[in-house]
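Heads up, the thing below is written out as structure tokens.
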Amino acid sequence: MDDPVFIFGFVVVILLLVLLLLRIRVRVVPEEERLIIYRLGRFSRVAGPGPVLILQRIETVVRTIRVRDEPVSYVTQGLFIYDIPFGFTLNFWRSFDLQNTVNDRETLAKLAQFDDNEREQMITTKIREALVHCLTAAQQRRPLAPAATVIERLLPVVPGFPECDNILAGVRQELAQTLPSIGVLLNSVHPITITRLHLNQDLIAGFTRNRTAELLRQKFPNLPEDAMIQVITSIEGANPLSVSRFSVNDSPNHNIRPEIRVGSGGAEGRIRITPVQEETKAPEGPVQPMTKSNTTQKEPDERLSKGDLSLLKRVPRYIPGQQRSA
Amino acid sequence: MANNIPRYPPTYRQNEIHLIMGAARQGQSLCLMGIAGIGKSNITNFLRYALYQDQQQYLVHDPYKFLFPVIEGNAWDQKLQGLWGAMLAELDEIARDLPHPPPIDPQILQLSEDQRAFSLLRARLQWLTQNYQIMFILDDFDKVLQTAPLSLLEQLSTLRNAGNRDKLSYLIFTKKLPAVLGRGHPLQNNSKFYDLFKDAVYALEPYNREDAQQMLTFLNENAGKPLGTQDLILIREKLSGGHAGLAKIIFDSWCRTRPDPEDLVIFFAKKTAVSNECQRIYRGLHADEQEVALRLVRNQPKAEDQAIIVQLIRRGLLLDQATGEWFSPLFVEFLRSYAVEGGKYHG
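Same order as they appear, the protein sequences are chains A and B.
Sequential numbering of the first sequence, starting at 1, is according to the numbering used here.
Sequential numbering of the second sequence, starting at 327, is according to the numbering used here.
Here you go:
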């Protein structure tokens with residue numbers, strides 16, 4: 001019985017029996033991953049990297065976490081700055097690091113219950129909270145003038161403006177405090193950047209409209225405001241393939257009138273603005289003594305065609321007792 | 327003394343009114359084209375105010391209930407929200423005693439004013455068309471068809487949707503052909519709004535004898551009967567030719583100064599108000615129609631004028647090509663003066 005060989009053999013047999021009984025398995029975990037291991041249904045540990053022994057009879061790998069420090073973009077919609085709705089896409093570096101962000105085992109056990117997708121949702125929520133806090137603070141710091149334009153309202157969230165940088169600094173500070181509570185580490189080396197400012201289509205259309213109006217005003221400084229509105233709305237609502245011309249009187253003497261054509265595509269399809277000599281046309285407005293010149297001349301496209309003359313119908317005669325439809 | 331004569335006879339514009347009611351019943355749109363002063367506004371007023379008061383004959387046994395909101399095209403301020411706002415205000419006015427629709431969900435944020443006005447209008451129409459046939463009367467719509475952006479006109483057609491297509495329609499009043507007015511777009515090829523009424527463009531002719539007589543009797547009664555029955559007949563038959571605007575002007579002028587019965591036409595043709603009204607009629611014609619009208623009074627029509635002559639007959643302006651009879655001798659006198667004086671008319 002005292003034979004060392006026997007003892008060694010006995011131990012080996014026992015170990016083999018134990019291994020056989022517990023079904024111990026060795027799993028090699030790469031550097032960028034961690035294993036969440038439960039034992040008999042309860043959180044046991046976060047394991048890895050390197051070889052990890054798993055007692056398969058009593059332990060289960062419930063999920064794998066990617067702990068790589070990497071840049072990720074998060075879209076946050078439904079924000080408001082001075083009542084103007086907008087959204088941000090923020091980009092920053094972060095990692096899921098349960099072991100280094102949480103000290104007590106109880107919290108670690110809670111955070112270990114979430115997979116990576118759920119943790120991403122938590123990050124999105126934390127970002128929204130931080131943005132809302134910082135936007136509120138920014139609005140309190142900079143009261144809005146009563147007649148502020150949409151652009152002025154939006155300036156604090158336009159990347160590059162000092163107020164926007166302040167908001168981002170506030171967001172970074174808050175995220176640095178709040179993200180560890182969900183097992184996430186914010187990388188302090190890389191900055192938080194705004195990769196996209198989301199604006200409502202109506203706002204964008206409004207900016208485009210203003211830009212078009214500015215260009216037209218430069219070309220035609222005497223163009224009346226109502227004509228300008230017509231031109232712009234025509235351009236917006238028109239199908240460029242079919243709307244061919246829009247003309248307005250531009251001088252008190254009606255000598256010159258700008259002609260605006262919307263072309264049919266390609267390089268020639270841009271809007272062309274060409275001052276042309278006005279053709280004489282019957283004036284509108286109060287009754288005045290008439291001359292032939294102001295009543296009989298007309299633009300060529302206003303001539304009555306054969307097709308035009310076939311459009312008009314006489315009102316059908318009503319026969320009493322007959323129910324008539326249009 | 328109270329006027330016991332109703333403004334509109336029981337058969338007032340019965341051809342037109344039955345046509346309009348039939349269209350409104352089926353949610354079909356139509357356009358009535360008539361010269362200045364022909365009585366377009368009277369039809370509007372009749373549909374808007376008198377239909378439910380005096381003219382029950384049009385509604386007897388009719389299972390439908392109608393609303394005729396009126397939009398003045400000349401009052402359009404060339405802004406989108408202006409038109410939507412006007413339509414909404416008119417609906418509110420005309421349906422002020424009807425139950426109000428539920429408010430729009432405040433969570434739905436509309437950024438632009440016109441978008442907000444349009445959404446409100448659409449919601450209001452959805453609500454009202456559950457119980458009513460609505461026909462928007464777009465009065466004096468020449469300017470809008472001519473100058474409004476196509477997108478605005480198209481939005482008018484989008485107010486009609488699967489839910490209210492057979493309940494919402496438009497009655498458009500113009501002086502000129504819509505296709506010609508909207509040639510800049512052009513309406514004929516591009517517009518779903520124009521498609522709504524392109525096959526239903528009708529000429530609005532001057533009043534028939536009964537309608538003209540009723541109008542003059544009503545005016546005379548209101549003024550304390552200054553004119554005799556024969557005078558009214560003369561205005562109706564020999565002077566105004568059923569043109570509402572001319573009839574009113576002649577009546578007023580007659581009340582102030584009794585004319586020489588032997589020379590009625592010349593007497594009234596020299597009146598500034600009459601010549602101004604004739605000038606309004608003339609200027610409301612298409613330039614091609616103006617040219618042909620002048621050639622007709624000079625007895626110099628060309629062979630190619632025939633199509634336009636037919637158009638003038640269809641409009642009720644030229645009554646007989648062979649005799650050269652027009653709806654009103656005063657208008658002929660105006661055309662003749664203009665033609666004879668070599669293109670200058672001093673009214």
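Heads up, the beta-carbon is just placed ideally off N, CA and C, and yes, glycines get one too.
All figures in this text were calculated on a predicted structure; none of them were measured in a lab.
Nearest to A/Q201 by C-alpha distance, out of B/A619, B/A538, B/Q441, is B/Q441. If you ignore the 5 residues before and after B/F519, its C-beta comes within less than 7 Å of the C-beta of L479, E480, L482, S483, all in its own chain and listed in chain order. A direct Cα-to-Cα measurement between A/H133 and A/A169 gives close to 12 Å.
At the C-beta level, A/L312 and B/A529 come within 7 Å of one another. Counting along the chain, B/T543 sits inside the alpha helix (DSSP H) bounded by residues 535-548.
With respect to the C-alpha of B/W402, the residue from B/D465, B/A362, B/L494 having the closest C-alpha is B/D465. Contact check for A/V171 and A/L197: beta-carbon distance about 14 Å, past the 8 Å limit, so the pair fails to qualify.
When beta bridges are read from the DSSP output, B/D465 appears opposite B/E398. Listed by position along chain A, the residues whose Cβ is nearer than 7 Å to that of B/Q647 form an empty set, because the closest Cβ is around 15 Å away. At a cut-off of 7 Å between beta carbons, A/D308 contacts chain B. Taking 7 Å as the threshold, the shortest C-beta distance from B/A599 to chain A does not fall below it.
Taking 7 Å as the upper bound on Cβ-Cβ separation, chain A lies near residues R509, G510, H511, N515, N516, A526, V527, Y528, A529 of the stretch 509-533 of chain B.
For the stretch 21-32 of chain A, the set of residues with a beta-carbon nearer than 9 Å to any beta-carbon of chain B is empty. For the stretch 174-224 of chain A, the continuous beta strand (DSSP E) assignments of 3+ residues that do not extend past its boundaries occur at 184-186, 193-199, in sequence order.
By a beta-carbon distance limit of 8 Å, B/G568 contacts B/A538. Their separation comes to about 5 Å. Taking C-beta atoms as the reference points, B/R448 and B/G353 fail to come closer than 7 Å.
Think of a sphere of 8 Å around the beta carbon of B/E342: the chain A residues whose beta carbon falls inside it are V315, in chain order. For the stretch 614-627 of chain B, the set of residues with a beta-carbon nearer than 7 Å to any beta-carbon of chain A comprises D614, Q616, E617, in chain order.
For A/L131, not one C-beta of chain B is nearer than 7 Å to its own C-beta. A/I194 has its alpha-carbon roughly 10 Å from the corresponding atom of A/G87.
Contact of A/L311 with chain B by beta-carbon distance below 7 Å involves L503, A505, V527. Sequence-ordered contacts of the stretch 633-646 of chain B with chain A read A633, I634, V636, Q637, R640, R641 [C-beta pairs closer than 8 Å]. DSSP assignment within the stretch 486-525 of chain B yields the following whole beta strand (DSSP E) runs of 3 residues or more, N-terminal first: 494-500. From the beta-carbon of A/Y82, no residue of chain B is found nearer than 7 Å; the closest lies around 13 Å away.
Around the CB of B/G571, 16 or more other CB atoms lie within 10 Å, so the residue is classed as buried. Here B/L503 is not near B/R450, since their CB atoms are 7 Å or more apart. The continuous stretches of beta strand (DSSP E) do not include B/Y608, which lies in the alpha helix (DSSP H) extending over residues 598-610.
Listed along chain B are D614, each with a C-beta nearer than 7 Å to that of A/R303. For A/V62, the enclosing beta strand (DSSP E) starts and ends at 59-66.
Taken through DSSP and simplified to helix, strand or coil, A/Q121 comes out as helix. A/Y74 carries a strand assignment under DSSP once its states are collapsed to helix, strand and coil.
Contact annotation: B/L356 and B/A350 have beta-carbon atoms that are not nearer than 7 Å. Along the stretch 448-461 of chain B, none of the residues has a CB nearer than 9 Å to a CB of chain A. The alpha-carbon of B/F653 is positioned some 52 Å away from that of A/E214. A straight-line Cα-Cα distance of about 20 Å links B/D525 and B/G642. B/D468 is classed as buried because its beta carbon has at least 16 other beta carbons within 10 Å across all chains shown.
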